[in-house]
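For reference, the structure is listed below as structure tokens.
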Amino acid sequence: MIIIGACCRGGGVGFEGGIPWKNKPDLRHFRKTTMGKTVLVGRKTYEKMPPLKGRDVVVLSKTNGAQLDDYADQDVMLIGGPVVWRHALEKGYVDRIILTYINLTTVCDAFFPMSFLEHFDIEKVENLGEITCVITYKRKMN
Ligand SMILES: NC(=O)c1ccc[n+]([C@@H]2O[C@H](COP(=O)([O-])OP(=O)(O)OC[C@H]3O[C@@H](n4cnc5c(N)ncnc54)[C@H](OP(=O)(O)O)[C@@H]3O)[C@@H](O)[C@H]2O)c1
Numbered sequence: 002m003i004i005i006g007a008c009c010r011g012g013g014v015g016f017e018g019g020i021p022w023k024n025k026p027d028l029r030h031f032r033k034t035t036m037g038k039t040v041l042v043g044r045k046t047y048e049k050m051p052p053l054k055g056r057d058v059v060v061l062s063k064t065n066g067a068q069l070d071d072y073a074d075q076d077v078m079l080i081g082g083p084v085v086w087r088h089a090l091e092k093g094y095v096d097r098i099i100l101t102y103i104n105l106t107t108v109c110d111a112f113f114p115m116s117f118l119e120h121f122d123i124e125k126v127e128n129l130g131e132i133t134c135v136i137t138y139k140r141k142m143n
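Positions 2 to 143 (our numbering) are the ones given, in order, by the sequence shown.
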């Protein structure tokens, strides 16, 4: 399983159910990286996001949707939010994390679970523009 997400300074990823910035380089990168793939999304994120054409979208819900545990060993991308990212990281399902860092200071009430990065090594760093950088992390071998 691969996590993909974007955070601003301080690790914020969302505010009041949405994403509090518009960043075209990251949107292009997200589209390219997820195109043709199966993407898993938490129910709360799904309710506020635009449709994702060209991707097979699976909505995760404990009460009325797919269960994250059923995708443990599958070749899927987990696009958030923090509640489902954290669950997958705690369970050890995640092989790679593709995280965009956006150099903006923005008020957020949802955050990427950064503490889990200590279990990952940096594999690749890619600059997408003046304020946008993507780091790909690979899980450390134990
Ligand atoms: N910047 C980014 O890259 C990015 C990406 C994604 C989201 N976000 C932001 O993150 C915020 C929302 O995130 P969130 O953490 O509050 O919610 P979320 O992760 O999107 O959704 C949480 C919901 O997922 C379901 N769920 C939780 N654990 C599950 C499991 N083990 N199996 C199946 N379903 C499970 C539950 O749905 P039920 O209540 O229906 O049971 C839960 O309420 C928004 O602000 C959004 O914009 C940012």
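Note that beta-carbon positions come from the ideal geometry of N, C-alpha and C, so glycine has one too.
Roughly how many whole angstroms lie between the Cα atoms of Y102 and R44?
-> Distance between the alpha carbons of Y102 and R44 is about 24 Å.
Just how far apart, CA to CA, sit F117 and L90?
-> Between the C-alpha atoms of F117 and L90 there is a straight-line separation of about 7 Å.
Would you say the beta carbon of G82 comes nearer than 8 Å to a heavy atom of ligand 1?
-> Because some heavy atom of ligand 1 lies under 8 Å away, the Cβ of G82 counts as near it: yes.
heavy atom of ligand 1 below 8 Å from G11 C-beta | Incorrect: G11 has no Cβ contact closer than 8 Å to ligand 1.
Could you check what DSSP says for F31 in three-state terms: helix, strand or coil?
-> Helix.
Determine the DSSP secondary structure at V14, reduced to helix, strand or coil.
-> V14: strand per DSSP, three-state reduction.
Span of the beta strand (DSSP E) around Y138 = Counting along the chain, the beta strand (DSSP E) containing Y138 begins and ends at 133 to 140.
Determine the direct distance from the alpha carbon of D71 to that of R140, and round the result to whole angstroms.
-> Here the C-alpha atom of R140 lies approximately 20 Å from the C-alpha atom of D71.
For L90, is the beta carbon positioned less than 8 Å from some heavy atom of ligand 2?
-> Here the bound small molecules are ligand 1; ligand 2 is not part of this structure.
What do you get for G11, buried or exposed, if any count of 16 or more other CB atoms within 10 angstroms of its CB means buried?
-> Around the beta-carbon of G11, fewer than 16 other beta-carbon atoms lie within 10 Å, marking it exposed.
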